[in-house]
Amino acid sequence: MIRTLLFAALLALQGAAPAPAPPPPVTTAQILNRYPHDTTAFTEGLLIDHGVLYESTGREGQSDIRRVDLPSGRVLARVKLPPNLFGEGIVAWKQHLFSVTWHGGQGYRWSLPDLKRTGGFRYSGEGWAMTDDGHDLILSDGTPVLRFLDPVTQKVIRRVTVTINGRLLDQINELEYVDGELLANIWMTHYIARIDPVSGKVLGFIDLSPLLAQVQMTDPDSVANGIAYDRAARKLYVTGKNWPTLFEIARPKAP
Ligand SMILES: [Ca+2]
Numbered sequence: 001m002i003r004t005l006l007f008a009a010l011l012a013l014q015g016a017a018p019a020p021a022p023p024p025p026v027t028t029a030q031i032l033n034r035y036p037h038d039t040t041a042f043t044e045g046l047l048i049d050h051g052v053l054y055e056s057t058g059r060e061g062q063s064d065i066r067r068v069d070l071p072s073g074r075v076l077a078r079v080k081l082p083p084n085l086f087g088e089g090i091v092a093w094k095q096h097l098f099s100v101t102w103h104g105g106q107g108y109r110w111s112l113p114d115l116k117r118t119g120g121f122r123y124s125g126e127g128w129a130m131t132d133d134g135h136d137l138i139l140s141d142g143t144p145v146l147r148f149l150d151p152v153t154q155k156v157i158r159r160v161t162v163t164i165n166g167r168l169l170d171q172i173n174e175l176e177y178v179d180g181e182l183l184a185n186i187w188m189t190h191y192i193a194r195i196d197p198v199s200g201k202v203l204g205f206i207d208l209s210p211l212l213a214q215v216q217m218t219d220p221d222s223v224a225n226g227i228a229y230d231r232a233a234r235k236l237y238v239t240g241k242n243w244p245t246l247f248e249i250a251r252p253k254a255p
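Take the sequence shown: its letters are residues 1 to 255, numbered as in the UniProt record's numbering.
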């Protein structure tokens with residue numbers, strides 16, 4: 001300890017800065033399977049509950065929440081949001097599915113698997129995406145701050161700030177809790193951040209560029225967004241806004 005303090009004092013005296021921390025490791029996504037995806041779906045939320053795929057889509061007048069047949073991409077059931085609302089993320093919790101909207105702080109609760117509206121909730125600020133860690137719901141809003149919500153009351157229990165080597169990371173979009181890590185699409189990029197859900201530190205990134213090369217989207221809004229993890233089958237799926245393909249990719253290894 002004393003030796004450490006002496007070393008720090010020496011550095012300060014000499015005006016030397018400690019060596020910068022190395023950047024988090026980047027892993028290139030490995031494609032395992034491909035499935036059709038509805039190209040009219042402006043994907044904002046994606047999850048698997050009891051082996052069933054659910055997806056939420058955005059844009060005013062086009063927002064809905066759907067149950068999807070994963071192998072074919074066929075929409076099996078669909079519920080539309082009011083036309084003035086821009087749908088965002090979804091999370092499944094027991095027999096319910098919660099959804100948030102971009103502006104206005106309006107959240108909804110739906111029954112599973114039939115998607116009947118059973119209630120609503122309010123939150124401050126914007127809503128971007130949701131997931132859960134088995135205890136709490138987790139809400140992103142485009143800022144570096146993730147909110148952890150009580151699944152029963154939907155009230156904020158705590159906040160975690162996402163940082164990369166001590167610097168704030170924002171534009172955190174679609175979320176998925178995978179084997180103790182929080183995976184997050186970073187809006188307008190082709191990277192998924194791997195976040196420690198306790199400290200908020202970015203542990204690494206998954207580079208989705210091999211997927212982009214396959215879908216060849218030209219619309220700048222058609223970014224990678226949507227991560228779903230089948231916890232029982234241990235399969236990880238990702239897609240993007242209006243992408244023609246839903247990909248199964250390899251689960252990330254410990255960084
Ligand atoms: Ca998700």
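Where a beta carbon is used, it is the ideal one built from N, C-alpha and C, also for glycine.
These numbers come from a predicted model, not from an experiment.
Helix, strand or coil, according to DSSP, for A41 in the structure here?
coil
Kindly identify the DSSP beta-bridge partner or partners of S140.
A129
Would you say I192 touches ligand 1, meaning its beta carbon is less than 8 Å from a heavy atom?
no
Taking 9 Å as the threshold (C-beta atoms), are Y35 and F247 in contact?
yes
Which residues does DSSP pair with residue 331 in a beta bridge?
Because the chain here runs from 1 to 255, residue 331 falls outside it and cannot be looked at.
Select from T57, V145, I138, S111 the residue whose C-alpha is nearest the C-alpha of Q154.
I138
Less than 9 Å separating the beta-carbons of G127 and G89?
yes
Taking 8 Å as the line, does the beta carbon of E176 fall inside it for any heavy atom of ligand 1?
yes
With respect to 8 Å, is the separation between the Cβ of I227 and the closest non-hydrogen atom of ligand 1 below this value?
yes
Alpha carbons only, please: which of R59, Y191, Y237 is nearest the one belonging to P25?
Y191
Through-space distance from K80 to D114, alpha-carbon basis
13 Å
If I31 sits next to I249, beta carbons under 8 Å apart, how far is it from one beta carbon to the other, in whole angstroms?
6 Å
Quick one: does the C-beta of L70 sit closer than 8 Å to a heavy atom of ligand 1?
no
Count the other CB atoms within 10 Å of the CB of H37; is the residue buried (16 or more) or exposed (fewer)?
buried
For I227 versus V202, is the C-beta spacing smaller than 9 Å?
no
What residue range does the alpha helix (DSSP H) around S209 cover?
209 to 215
Among G61, Q171, H50, which residue has its Cα nearest to the Cα of T40?
G61
Given a threshold of 16 other Cβ atoms within 10 Å of its Cβ, counted over all protein chains shown, does residue 258 qualify as buried or as exposed?
Beyond the ends of the chain as shown, which are 1 and 255, falls residue 258; an answer cannot be given.
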